[in-house]
Structures are given as structure tokens and as C-alpha cells.
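K.L.:
Dropping the structure in here first, questions after.
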Amino acid sequence: MTKQEHYAALCNMYRAAPINSFYPPRIEIQEGKCTIEIDLKPEYCHSAGGTHGSVYFKILDDSAFFAANSYEDEVFVLTTSFTTYITRPVSEGIMRAEGKVVNMNRTQFIVESIAYDSENREIARGNGIFVRGKFPLEKALGYS
Numbered sequence: 005m006t007k008q009e010h011y012a013a014l015c016n017m018y019r020a021a022p023i024n025s026f027y028p029p030r031i032e033i034q035e036g037k038c039t040i041e042i043d044l045k046p047e048y049c050h051s052a053g054g055t056h057g058s059v060y061f062k063i064l065d066d067s068a069f070f071a072a073n074s075y076e077d078e079v080f081v082l083t084t085s086f087t088t089y090i091t092r093p094v095s096e097g098i099m100r101a102e103g104k105v106v107n108m109n110r111t112q113f114i115v116e117s118i119a120y121d122s123e124n125r126e127i128a129r130g131n132g133i134f135v136r137g138k139f140p141l142e143k144a145l146g147y148s
């Protein structure tokens, strides 16, 4: 499998994940990078009308995860820790996150991700550590 085929298979896997039927995302993967976009909906908001923090976390973690998994073509990577900083509330428009691998070694990937609103203003950022798991990508739903 070429790198481009691997990235396409990862995108298919992401779209096939059952949770993403709730957050229909758009995804693009390159080597060490991933961009994910979602259209914000009222269903994602808390009682005060802002987008719930879980949505920020999901898009940041997902973009970081796929940036890391772009380097690993045999197994599913795992998030071992992820820190999230929400810097600006948002309730409508588009949320976009860009993940980028900033360091890697034989056992782990360190990845940063930044989320933006429709006006390209930073609304959140996060960083995490990812490790190679044991679950083969070829067995993951949608990886093809």
C-alpha cells in the first residue's frame, strides 16, 4: 500500500466510525498532518448555548490521532494523554482542527492540534501523546 492509499484508507476508517454519524466530519490526511472540519449544530451546545467542550476535545484529539496514524500503517494508534485548552467560545459555523506531529520516536508520537472557527480565529488547542496499539488496521471498520 502506498502512503496515499494508506491516508485514503484512514479517511475511510474515520468516516465509518459509528460516532461520526453524529458529527459528520470532513477529513484530509497528509504525512504527519490531519485536518478535520465539522459544521456546528445546536445539538452540540450546552444549556448556555455554546458548543460543549466534548466537541472541542473530539476534533482536537481526532486530528492529532490521524496525524500520528499517518506514520503507522500496520496498527491503530492509541491516545495515552491529551490536554485541551479552550480559548474562545463558539456556537455556530464551522470548526476546523489541524493536527501535526511535532516529535516521534520508536515508542510514541507527540502531536499538537489547533482548532479554528469560521473566521479562522483560534478557538482551542491541545497536545497529546500517542502510542502504537496492537489492533491491526486491516481489521478496523472501514480501513480499505
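Here the numbering used here is used: the first residue of the sequence shown is 5, the next is one more, and so on.
Quick reminder that beta carbons are idealized off the backbone N, C-alpha and C, glycines included.
Computed from a predicted model, the values in this text were never measured in an experiment.
(1) Could you say if the segment 70-85 and the segment 52-61 meet the contact criterion of at least three C-beta pairs nearer than 8 Å?
(2) Can you check which of these residues, Ile40, Val94, Thr39, Glu9, is closest to tyrosine 48 by C-alpha distance?
(3) Under 7 Å Cβ to Cβ from histidine 10, same chain only, skipping five residues before and after it: list those, please.
(4) Based on DSSP bridge pairs, tell me the residues matched to methionine 99.
(5) According to DSSP, is glutamate 78 helix, strand or coil?
(6) The beta strand (DSSP E) with asparagine 131 in it runs from where to where?
(7) Under 8 Å, do leucine 145 and alanine 20 count as touching if we go by C-beta distance?
(8) Please classify lysine 62 as buried or exposed, where buried requires at least 16 neighbouring CB atoms within 10 angstroms.
(9) If serine 74 sits next to cysteine 15, beta carbons under 8 Å apart, how far is it from one beta carbon to the other, in whole angstroms?
(10) As a quick exercise: from Arg136, Asp121, Val115, Phe134, pick the residue whose alpha carbon is nearest that of isoleucine 42.
(11) Does valine 115 pass the burial test, meaning 16 or more other C-beta atoms within 10 Å, or should it be called exposed?
(12) Is it true that the CB of threonine 88 sits closer than 8 Å to the CB of glycine 130?
(13) Can you tell me which of Tyr147, Ile133, Gly132 puts its alpha carbon nearest to the alpha carbon of phenylalanine 139?
(14) My guess is that isoleucine 98 and leucine 44 are in contact by the Cβ rule of under 8 Å, so how many angstroms apart are they, rounded?
(15) Return the residue from the list Phe69, Ile33, Ile118 that minimises the CA-CA distance to isoleucine 90.
P.N.:
On the basis of the coordinates in this document:
(1) Verdict: no, contact absent.
(2) Selected option, being the one with the closest Cα: Val94.
(3) Taken in chain order, the residues that qualify are Asp77.
(4) For methionine 99, which the question treats as bridged, DSSP gives the partners Ile42.
(5) Glutamate 78: coil per DSSP, three-state reduction.
(6) For asparagine 131, the enclosing beta strand (DSSP E) covers residues 126-140.
(7) Yes.
(8) Buried: at least 16 other Cβ atoms inside 10 Å.
(9) In this structure serine 74 is not in contact with cysteine 15, their Cβ atoms being roughly 10 Å apart against a cut-off of 8 Å.
(10) Nearest option by C-alpha distance: Asp121.
(11) The residue in question, valine 115, is buried, as its Cβ has 16 or more Cβ neighbours within 10 Å.
(12) Yes, the Cβ-Cβ distance between glycine 130 and threonine 88 is below 8 Å.
(13) Phenylalanine 139 has its Cα closest to that of Tyr147, out of Tyr147, Ile133, Gly132.
(14) Cβ-Cβ separation between isoleucine 98 and leucine 44: approximately 7 Å, consistent with a contact (criterion under 8 Å).
(15) The option with the nearest alpha carbon to isoleucine 90 is Ile118.
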